[in-house]
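Structure first, commentary second.
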Amino acid sequence: MFTSVLMIEKALTSADVEFVTTLHGDETVSFHVLLQPRGDQADRLLRAIDDVALGELDEAAHERETPEGKGAAALGAQALQVSLDALHAAGSAAEGRLIENHPLDALKSLVEEIGADEVIVLTDPHYVEEFFHRDWASRARHKVGVPVLKLFSHSKE
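The UniProt record's numbering applies: residue 1 is where the sequence shown begins, and numbers increase by one.
Next up, the structure:
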């Protein structure tokens, strides 16, 4: 069985689930999902810049309303459960956990713990961080010792 660590920041859409579950053709894949809620990541300014770069001006204007701390954790737990349920419904084995701090440390530990074959980072575009190679995928490539695939999530169902 092929083992993938799937690092996400919000609930998977049906398109995301179809994409990641078909990446390896007919091979059976087991997913270990790590989710760090968006409100626990980069500061509001970076998130707003990304929203503007994507043409999502309404999102940028409402960045201050993005839950942080305990509010982000509660929404994150819900998003994680939705994602796990969707992966199970697609016929994949999946388990997951929330990340509160140091996502790359959690990623590296999990990869070593389960002997993962790959890491899939599935997030919205983060242009500022990607430009400076400070996004999760760029940093993980130097830390985890397995292939890292960077994919952009589908925002809408």
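Built from N, CA and C at the ideal position, the CB exists for glycine as well. Note that the coordinates shown come from a computational prediction; the quantities given were computed from them, not determined experimentally.
Beta-bridge pairing of residue i - partner residues as DSSP gives them
i      : result
Ser30  : Thr3 and Ala93
Phe152 : Thr123
Glu118 : Ser4
Leu98  : Leu35
Beta-carbon spacing of residue i, residue j below 8 Å
i           : j      : result
residue 178 : Ser14  : Outside the shown range of the chain, which is 1 to 157, sits residue 178, and nothing can be said about it.
Ala73       : Pro103 : no
Pro147      : Glu118 : yes
Lys150      : Val121 : yes
Leu35       : Leu75  : no
Met7        : Thr28  : no
Ala89       : Phe31  : no
Ala140      : Leu107 : yes
Gly96       : Val33  : yes
Close-in-space but distant-in-sequence residues of the same chain around residue i (CB under 7 Å, 5 per side omitted)
i      : result
Ala77  : Leu98
Ala11  : Ala79, Val82 and Ser83
Asp16  : Leu122, Ser153 and His154
Asn101 : none
Val144 : Leu107, Lys108, Val111 and Val119
Contacting residues, own chain, Cβ-Cβ under 8 Å from residue i (five flanking each side not counted)
i      : result
Pro67  : For Pro67, the predicted structure reports a pLDDT of 48, less than 50, and the residue's modelled location is therefore unreliable. The matter cannot be settled from this model.
Glu18  : Ala90
Asp105 : none
Thr21  : Val29, Leu87, Ala90, Gly91 and Ser92
Asp26  : none
Closer than 7 Å: residue i CB and nearest the ligand NAD heavy atom
i      : result
Leu104 : Among the components of this structure there are no ligands whatsoever, and the ligand NAD is therefore not found.
Cβ shell of residue i (< 6 Å), same chain only, five flanking positions each side left out
i     : result
Leu23 : none
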